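Only one structure is covered here, and it is reproduced in the block below.
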Amino acid sequence: MIVCFDVQHESYLITSIFPRKKMAPNSLFPAPSSAQRVSGSGDGTAGSQRQRQKVVLQPGHSPLDWAHLNNTKPKHELRGVAPSAPPPQYTRVSKDELKQHKTLTDCWTCINGKVFNITPYVDFHPGGVDEIMKCAGRDGTALFNKYHSWVSADRMLENCFVGFIKDN
Ligand code: HEM
124 MIVCFDVQHE SYLITSIFPR KKMAPNSLFP APSSAQRVSG SGDGTAGSQR
174 QRQKVVLQPG HSPLDWAHLN NTKPKHELRG VAPSAPPPQY TRVSKDELKQ
224 HKTLTDCWTC INGKVFNITP YVDFHPGGVD EIMKCAGRDG TALFNKYHSW
274 VSADRMLENC FVGFIKDN
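Structure follows, in structure tokens:
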């Protein structure tokens with residue numbers, strides 16, 4: 124590396140003495156083995172990792188639309204409870220009650236001990252309706268973590284929090 128002081132502009136110029144690596148004209152970018160590729164190989168076949176299952180969401184159902192809905196819709200409506208219902212931290216949900224809510228129009232799931240009303244969210248789910256409905260009316264923690272342990276259900280569904288699951 125060469126460092127020169129440019130008197131005219133009163134700044135330092137940093138020049139690399141290493142020649143820039145030129146890419147062959149027909150080389151692929153990102154490289155076939157790069158993590159920037161959706162599949163692990165460049166030939167369209169599945170790599171060693173599971174291929175991502177992207178679904179086409181209906182117009183108005185992007186993650187930004189979900190954020191907007193959360194900022195505008197009354198919270199009790201997202202929870203699916205009466206405005207006078209006790210706050211979620213005081214509500215306990217039995218496993219039998221959880222099982223009652225397993226349809227597209229009335230759907231609850233439990234993630235890490237917290238029960239969420241996912242009815243308003245299912246159409247916004249980037250992994251698709253069929254996938255998220257696999258956790259309808261039951262504990263979805265294992266499935267949730269299998270597909271995206273990096274996603275925060277607490278944040279995504281914070282206004283849909285119904286209450287804590289009862290131990291028995
Ligand atoms: C119940 C609450 C759930 C929430 C809040 C949720 C949220 C999300 C979010 C935010 C993404 C996008 C992740 C990303 O692009 O990085 C996603 C993708 C996905 N979800 Fe879920 N999800 C839930 C449940 C489930 C369940 C139960 C399944 C499977 C049975 C599932 C399967 C998937 C799949 C396959 C994808 C696509 C993954 C990919 O892009 O590689 N999700 N979900």
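Quick note on numbering: the sequence shown equals residues 124 to 291 in this note's numbering. Even glycine gets a Cβ: it sits at the ideal position worked out from N, Cα and C. A quick note: this is a predicted structure, and the numbers were derived from the prediction, not measured.
> If you compare alpha carbons, which of Asn291, Lys289, Met279 is closest to Arg202?
Replying inline: Taking the sequence shown and counting its residues from 1, one reaches residue 202 at position 79. Ranking the options by Cα distance to Arg202, first place goes to Met279.
>> Between which residues of its own chain and Asp166 is the CB-CB distance below 6 angstroms, once the five residues before and five after are set aside?
In response: Position 43 of the sequence shown holds residue 166. For Asp166, the pLDDT reaches just 42, beneath the cut-off of 50, and the residue's location in the model is therefore unreliable, leaving the point undetermined.
>> For Lys222, tell me which candidate among Asn240, Leu187, Ala208 has the shortest Cα-Cα distance.
In response: Counting from 1 along the sequence shown, the entry for residue 222 is found at position 99. Looking at the Cα atoms, Asn240 is the closest of the given residues.
> What does DSSP give as the partner residues of Thr226 in its beta bridges?
Replying inline: Taking the first residue of the sequence shown as 1, we reach residue 226 at position 103. DSSP output for Thr226 lists Asp229 as bridge partner(s).
> According to the neighbour-count rule (16 or more other Cβ atoms, all chains shown, within 10 Å of its Cβ), is Trp273 buried or exposed?
Replying inline: Sequence index remark: in the sequence shown, residue 273 carries index 150 (1-based). Counting Cβ neighbours within 10 Å, Trp273 comes out exposed, since fewer than 16 surround it.
>> Assuming Ile255 is part of the alpha helix (DSSP H), what are its boundary residues?
In response: In the sequence shown, residue 255 corresponds to position 132, counting from 1. Looking at the DSSP string, the run of the alpha helix (DSSP H) that includes Ile255 is 252–255.
> Of all the options Asp229, Thr264, Gly251, Lys257, which has the alpha carbon lying nearest to the alpha carbon of Val204?
Replying inline: Position 81 of the sequence shown, counted from the first residue, corresponds to residue 204. The residue with the shortest Cα to Cα distance from Val204 is Asp229.
>> Using only the alpha-carbon positions, how far apart do Phe287 and Arg215 sit?
In response: Counted from its first residue, the sequence shown places residue 287 at position 164. Counted from its first residue, the sequence shown places residue 215 at position 92. The alpha-carbon separation between Phe287 and Arg215 amounts to approximately 5 angstroms.
> Anyone know if the C-beta pair for Leu187 and Pro249 falls short of 8 angstroms?
Replying inline: By one-based count along the sequence shown, residue 187 stands at place 64. By one-based count along the sequence shown, residue 249 stands at place 126. Going by C-beta atoms, Leu187 is not nearer than 8 angstroms to Pro249.
> Which ranges does the beta strand (DSSP E) cover as unbroken runs of at least 3 residues, wholly within the region 182–249, from first to last along the chain?
Replying inline: 229–234, 237–240
> Roughly how many angstroms lie between the CA atoms of His199 and Asp253, to the nearest whole one?
Replying inline: Reading the sequence shown from its first residue, position 76 is the one you call residue 199. Reading the sequence shown from its first residue, position 130 is the one you call residue 253. Rounded to whole angstroms, the gap between the alpha carbons of His199 and Asp253 is 26 angstroms.
> Looking only at its own chain, which residues have a Cβ that is under 8 angstroms from the Cβ of Asn193, when we skip the five neighbours before and after it?
Replying inline: Working through the sequence shown from its first residue, we reach residue 193 at position 70. Only residues of its own chain outside the window of five on either side were considered, and among them Leu201, Glu281, Asn282 have a CB closer than 8 angstroms to the CB of Asn193, listed in chain order.
>> I want to check one thing, is the minimum distance from the CB of Phe267 to the heavy atoms of the ligand HEM below 7 angstroms?
In response: Here residue 267 corresponds to residue number 144 of the sequence shown, with the count starting at 1. Flag set: Cβ of Phe267 near the ligand HEM.
> When you compare each of Gly251, Asn235, His191, Tyr244 to Lys177 by their alpha carbons, which one comes out closest?
Replying inline: Taking the first residue of the sequence shown as position 1, residue 177 is located at position 54. Cα-wise, what sits closest to Lys177 is Gly251.
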